[in-house]
Amino acid sequence: MTFTKGFKDGIPIGLGYLSVSFTFGMMAARAGLTIAQAVFISMTNVTSAGQLAGLNLIAAGAPMLEVALTQFIINLRYALMSLSLSQKLDGSMTTPHRMLFAFCNTDEVFAVAAGQKGSVGRRYLYGLIAAPYIGWALGTCLGAAAGTLLPDILRDALGVAIYAMFIAIVVPPAKHSRAVRLAVVLAAALSCAMYYLPGLNRISSGFAIIICAVAVSALCARLFPIPESDEEEDAA
Amino acid sequence: MNWSYFLPYVLTMAVVTYLIRMLPLAAFRRRISSRFIRSFLYYVPYAVLSAMTFPAILYATGSLPSACAALAVALGLAWMEKSLLTVAIAASAAAFAIQVIASMI
Numbered sequence: 665m666t667f668t669k670g671f672k673d674g675i676p677i678g679l680g681y682l683s684v685s686f687t688f689g690m691m692a693a694r695a696g697l698t699i700a701q702a703v704f705i706s707m708t709n710v711t712s713a714g715q716l717a718g719l720n721l722i723a724a725g726a727p728m729l730e731v732a733l734t735q736f737i738i739n740l741r742y743a744l745m746s747l748s749l750s751q752k753l754d755g756s757m758t759t760p761h762r763m764l765f766a767f768c769n770t771d772e773v774f775a776v777a778a779g780q781k782g783s784v785g786r787r788y789l790y791g792l793i794a795a796p797y798i799g800w801a802l803g804t805c806l807g808a809a810a811g812t813l814l815p816d817i818l819r820d821a822l823g824v825a826i827y828a829m830f831i832a833i834v835v836p837p838a839k840h841s842r843a844v845r846l847a848v849v850l851a852a853a854l855s856c857a858m859y860y861l862p863g864l865n866r867i868s869s870g871f872a873i874i875i876c877a878v879a880v881s882a883l884c885a886r887l888f889p890i891p892e893s894d895e896e897e898d899a900a
Numbered sequence: 003m004n005w006s007y008f009l010p011y012v013l014t015m016a017v018v019t020y021l022i023r024m025l026p027l028a029a030f031r032r033r034i035s036s037r038f039i040r041s042f043l044y045y046v047p048y049a050v051l052s053a054m055t056f057p058a059i060l061y062a063t064g065s066l067p068s069a070c071a072a073l074a075v076a077l078g079l080a081w082m083e084k085s086l087l088t089v090a091i092a093a094s095a096a097a098f099a100i101q102v103i104a105s106m107i
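Those protein sequences? They're chains A and B, same order as listed. For our numbering, count along the first sequence from 1 and bump the result up by 664. For our numbering, count along the second sequence from 1 and bump the result up by 2.
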């Protein structure tokens with residue numbers, strides 16, 4: 665489990681991030697951010713859904729509390745991933761290293777790390793996050809720089825990439841699990857209702873996402889609680 | 003955008019996101035015992051991503067027909083469990099094709 669092995673495992677993630685962060689960089693430039701500002705967001709936040717929601721809120725001049733709350737809810741899933749991964753780290757991952765690695769614990773990095781046999785150490789994990797972090801920052805830079813040079817028609821087409829990626833993340837688990845399918849469909853329906861229905865559509869987009877996520881997740885947790893043994897298997 | 007307007011927002015986002023990732027990893031090493039909370043956390047990513055995608059994806063390309071084409075392609079390829087990169091590029095290509103066709107009519 666060397667740095668090189670981790671780095672190689674991270675390359676596909678980095679390539680995927682390159683294209684998605686390109687779209688983010690383009691959107692950031694369109695929202696009025698400079699190239700440096702777009703790259704600054706990506707290098708300090710390292711999260712696709714959170715950054716996209718944050719960008720919309722910044723552009724809309726939303727209150728700081730709404731921005732903080734939105735990030736909290738959207739990124740709450742990382743708490744579960746970090747918790748699960750904490751059971752899998754070997755002795756080389758002392759507290760300072762845990763604190764450093766946590767900065768880059770994205771969905772895909774977590775998925776690959778959790779998929780390794782046995783425990784994982786710091787050399788492997790630092791190797792694993794290298795390519796995704798570089799890809800995320802570089803793609804944002806290219807997108808923010810080239811976004812304004814691209815013809816409108818191409819720029820519009822690329823604007824859909826980030827949402828297509830979200831669909832690619834939720835659909836396969838929804839296909840295999842009735843409970844996840846319910847969560848995905850209900851959240852989409854509720855979000856559409858809050859966007860189109862008069863009265864409800866006065867709620868800002870950040871709070872609409874929070875309300876959808878909390879209501880749907882609580883309902884699904886009540887109706888379809890996950891099996892008790894899940895996390896012990898993950899940690900094993 | 004003005005840095006004095008931009009910076010507080012981005013630092014707030016970064017600190018909140020980092021603490022969520024770091025605290026469970028560094029401090030809280032015991033397993034969450036509440037089955038409801040573990041189940042709730044399990045569903046959060048799916049609900050968040052779905053709520054962020056719908057109906058926003060319909061307005062992501064500048065025209066409804068091209069957005070619908072991209073959505074259909076994304077749903078189809080995701081159902082076939084293609085990689086994130088494949089789904090993202092194919093959906094963009096579909097939107098682009100419809101835009102080109104529409105501009106020629």
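Note that the Cβ used here is the ideal one computed from N, Cα and C, for glycine as well.
Among the residues of chain A, those whose CB is under 7 Å from the CB of B/Ala72 are Val824, Ala828, following chain order. Listed in chain order, the non-local C-beta contacts of A/Tyr859 below 8 Å within the same chain comprise Asn865, Ala872, local neighbours out to five positions each way being set aside.
Your pair B/Leu86 and A/Ala832 checks out as a contact, with CB atoms roughly 5 Å apart and the cut at 8 Å. About 6 Å separates the Cβ atoms of A/Val710 and A/Trp800, confirming a contact at the 8 Å cut-off. In the three-state scheme derived from DSSP, where H, G and I count as helix and E and B as strand, B/Val18 is classed as helix.
Per the C-alpha coordinates, the member of A/Ala852, A/Pro862, A/Leu861, A/Gly823 positioned closest to B/Ala72 is A/Gly823.
For A/Pro676, the uninterrupted alpha helix (DSSP H) run begins and ends at 667-694, by DSSP.
Taking the beta carbon of A/Val844 as reference, the chain B residues within 8 Å of it are Tyr45, Tyr48, listed in sequence order. Counting C-beta atoms within 10 angstroms of its own C-beta, B/Met82 has fewer than 16 neighbours from the protein chains shown and is therefore classed as exposed.
Per DSSP, A/Met728 is one residue of the alpha helix (DSSP H) stretching across 728-738. In this chain, B/Ile59 is not harboured by any alpha helix (DSSP H), its DSSP state being neither H nor E.
DSSP places A/Val710 outside both helix and strand once states are collapsed to three, so it counts as coil.
Rounded to whole angstroms, the separation of the alpha carbons of A/Ile867 and B/Leu9 is 25 Å.
Within the segment 764-806 of chain A, the complete alpha helix (DSSP H) runs of at least 4 residues fall at 771-778. Beta-bridge partners of A/Leu753 (DSSP): A/Val784.
When 9 Å is used as the limit between beta carbons, A/Asn769 is near these residues of chain B: Arg23, Met24, Leu27, in chain order. A residue is called buried once 16 or more other Cβ atoms fall within 10 Å of its Cβ, and A/Pro862, having fewer, is exposed. Within chain A, the residues whose beta carbon sits less than 8 Å from that of B/Ile91 are Ser683, Ala825, listed in sequence order. In terms of Cα proximity to A/Gly714, the closest of A/Phe667, A/Ile826, A/Ile699, A/Pro676 is A/Ile826. Only residues of its own chain outside the window of five on either side were considered, and among them Ser68 have a CB closer than 6 Å to the CB of B/Gln101, listed in chain order.
For B/Met15, the closest Cβ of chain A is nearer than 9 Å. If you ignore the 5 residues before and after B/Leu66, its C-beta comes within less than 7 Å of the C-beta of Leu60, all in its own chain and listed in chain order. B/Leu77 and A/Val835 have their C-alpha atoms spaced approximately 7 Å apart. Secondary structure of A/Gly718 (DSSP, three-state): helix. Between the segment 840-855 of chain A and the segment 812-823 of chain A there are fewer than three C-beta pairs closer than 8 Å, too few to call the two in contact.
Here A/Phe888 carries a coil assignment [DSSP, helix/strand/coil]. Within the same chain, Cβ atoms closer than 6 Å to the Cβ of A/Ser756 are found at Gly785, Arg786, the five residues on either side in sequence being excluded.
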